[in-house]
Amino acid sequence: MNKFKVDKKLLKYLDISIIIVVILIVMFGTLNIFSVTQPINKAYISFKALRLQSVSFILGIAIMYIVLTFDYTIIGAYAGLFYWSSILILLVNRIVSAATFGQANWISIGPVTFQPSEIAKLALIIMIAKKLDDMDSKINNVKNFSIIMIYALIPVALILPDMGLTMVIFYTVLGIVFVAGLDLKVIFGGLAALIASIGLIWNTSILGDYQKDRLTSFINPTADPLGASYQLVQSKIAIGSGGLTGFGFMHGPRVGGGFVPFASTDFIFTVVCEEWGLLGAGFLFLLYAILIYKFIKIAKNAKDTFGSLICVGIISYFIFSIIQNAGMTIGIMPISGITLPFMSYGGTSLMANFIAVGLILNVGMRKKKINF
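Using our numbering, the first residue of the sequence shown is number 369, and each one after it goes up by one.
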């Protein structure tokens, strides 16, 4: 049991405020999930989604605690094992899904389903942070840059055509290499290449019709308001009608009436805006801002490059996910299926986010060497 105990000398460096903020966001998210997973006719109350999200929350807290018990430098020593294990899982899932015509994003083991890509994102962050630490952050070296890109592209090749996850990986890696000192010319070149690649693969089978519809509906949402643009149009109406204070908990006419598809997952921000209004959205963004500020502070005070870059990768992932998710509900970003951290319904995503927070807290607790 002593293996899973945090030394008391380290506890004074544990930022409890981060845990409190995360719990507040999860509780707020769970309220909204409960609200929109009720039967439309309100004939009875369903606790299924609430129960599953609560179990994931408890498991997430437990896993986060376990992450705190290990020095993150030990985690770094096994970066290769974590990374290649996640790649193997993605590869096996890809092969099995292709053979059975199943959903490539999920693995089912009995009654339990999980998204291997959520674990792969964290493994990639740890791997790239470790490699850059070993390279002394000499990212502008052609050989070193090529190695980092190969590590980033392998999981991308296995998750395509999921453009949402591809964008998450791209911006997460971009954040890490930017802080590591990558030349801005290379960064802008990478952004240009990303935009150009979308144009090149538009007429191929890599992008499905539904993905093309999402992109075109983002560019011109009024072109097909009852088809490809339906979700976005309904979301914008719901958000706009929420006003300053919203319609109130469980009283959102559009999200509660089933007019906004995937309201408990991809479009949970729409629920916040319609039921809690601008004040509710502002409260949520305030909590996120506090969280990101705390994360950045830990990243700056980390005792080594590896710890700092782990934090940067997680910060980049959270910032992009928040901007992308909220942005797509109001039409300023394309609909991608990226969930809102700690808010959206989904056990794997929630637990992966708790692991991410555990890693950052781990770095923060060990910012100084402890003498025993």
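The beta carbon of each residue, even a glycine, is placed where N, CA and C say it ideally should be.
Q. Exposed or buried, what is Trp452 when buried is set at 16 or more other beta-carbons lying within 10 Å of its beta-carbon?
A. By 1-based counting over the sequence shown, the position of residue 452 is 84. When all chains shown are included, Trp452 counts as exposed.
Q) Does the segment 659-672 come close enough to the segment 378-389 that 3 or more CB-CB pairs lie under 8 Å? A) yes
Q: Write down every uninterrupted run of the alpha helix (DSSP H) in the segment 580-639 whose length is 4 residues or greater and which is fully enclosed by it, in chain order.
A: 598-610
Q) Does DSSP put Phe482 in a helix, a strand or coil? A) Within the sequence shown, the letter at position 114 stands for residue 482. In the structure shown, Phe482 sits in a strand (DSSP, three-state: E or B).
(Q) Tell me which residues share the same chain as Gly726 and place their Cβ nearer than 6 Å to its Cβ, disregarding the 5 neighbours each side in the sequence. (A) Here residue 726 refers to the residue found at position 358 of the sequence shown. So the qualifying residues of the chain are Met432, Val435, Leu436.
Q) Is it true that the CB of Gly675 sits closer than 7 Å to the CB of Tyr440? A) Taking the first residue of the sequence shown as position 1, residue 440 is located at position 72. Taking the first residue of the sequence shown as position 1, residue 675 is located at position 307. Taking 7 Å as the Cβ cut-off, Tyr440 and Gly675 qualify as a contacting pair.
Q | When Ile723, Phe415, Met495 are compared against Leu449, the one with the closest alpha-carbon | A | Taking the sequence shown and counting its residues from 1, one reaches residue 449 at position 81. Here the closest residue by C-alpha is Met495.
Q. In the structure shown, what three-state DSSP assignment does Phe686 receive?
A. Translated into positions along the sequence shown, residue 686 becomes position 318. Three-state DSSP puts Phe686 in a helix.
Q: Please confirm whether Arg743 and Ala596 have their CB atoms less than 7 Å apart.
A: Summary: the structure shown does not reach residue 743, with the chain confined to residues 369 through 740, and so no result is reported for it.
**Q.** Residue span of the alpha helix (DSSP H) that contains Asn730, given as start and end
**A.** Locating residue 730 in the sequence shown gives position 362, counting from the first residue. Residues 715-733.
**Q.** Ile455 versus Leu521: straight-line alpha-carbon distance, rounded
**A.** Along the sequence shown, read from residue 1 onward, the residue named residue 455 stands at position 87. Along the sequence shown, read from residue 1 onward, the residue named residue 521 stands at position 153. Cα to Cα, the separation comes out at about 11 Å.
Q | Cβ shell of Phe686 (< 7 Å), same chain only, five flanking positions each side left out | A | Locating residue 686 in the sequence shown gives position 318, counting from the first residue. Correct list, in chain order: Ile660, Pro709.
Q. Taking C-beta to C-beta, are Ser424 and Gly715 nearer than 7 Å?
A. Within the sequence shown, numbered from 1, the residue matching residue 424 stands at position 56. Within the sequence shown, numbered from 1, the residue matching residue 715 stands at position 347. Their beta carbons are under 7 Å apart, which means Ser424 touches Gly715 by this criterion.
**Q.** Exposure label - Ala657; buried when at least 16 CB within 10 Å
**A.** One-based indexing of the sequence shown puts residue 657 at position 289. Ala657 comes out exposed.
Q. Along the chain, where does the alpha helix (DSSP H) that runs through Lys376 open and close?
A. By 1-based counting over the sequence shown, the position of residue 376 is 8. Here the alpha helix (DSSP H) through Lys376 covers 376-379.
Q.
According to DSSP, is Ile391 part of a helix, a strand, or is it coil?
A. Locating residue 391 in the sequence shown gives position 23, where the first residue counts as 1. Helix, per DSSP.
(Q) How far does the alpha helix (DSSP H) with Tyr446 in it extend, from its first residue to its last? (A) Here residue 446 refers to the residue found at position 78 of the sequence shown. It is not in any alpha helix (DSSP H) - Tyr446 carries neither H nor E in the DSSP assignment.
**Q.** Status (buried if at least 16 other CB within 10 Å, exposed otherwise) for Pro593
**A.** On the sequence shown, position 225 is the one that residue 593 refers to. Looking at its Cβ environment, which holds fewer than 16 other Cβ atoms inside 10 Å, Pro593 is exposed.
**Q.** Contacts around Ser403, its chain only, beta-carbon distance under 8 Å, and the 5 residues preceding and following it disregarded
**A.** Within the sequence shown, the letter at position 35 stands for residue 403. So the qualifying residues of the chain are Phe617, Met618, Gly620, Val623, Gly624, Val639, Glu643.
Q: Measure the beta-carbon distance from Ile703 to Gln599 and round it to whole angstroms, keeping in mind my assumption that it falls under 8 Å.
A: Translated into positions along the sequence shown, residue 703 becomes position 335. Translated into positions along the sequence shown, residue 599 becomes position 231. Rounded, the Cβ-Cβ distance is 7 Å, consistent with contact.
**Q.** Exposed unless 16 or more other CB atoms sit within 10 angstroms - verdict on Asn509
**A.** Here the question's residue 509 lines up with position 141 in the sequence shown. Its Cβ having fewer than 16 others within 10 Å, Asn509 is exposed.
**Q.** Span separating the alpha-carbon of Leu533 from that of Ser485
**A.** On the sequence shown, residue 533 is found 165 positions in, with the first residue counted as 1. On the sequence shown, residue 485 is found 117 positions in, with the first residue counted as 1. The alpha-carbon atoms of Leu533 and Ser485 are separated by roughly 8 Å.
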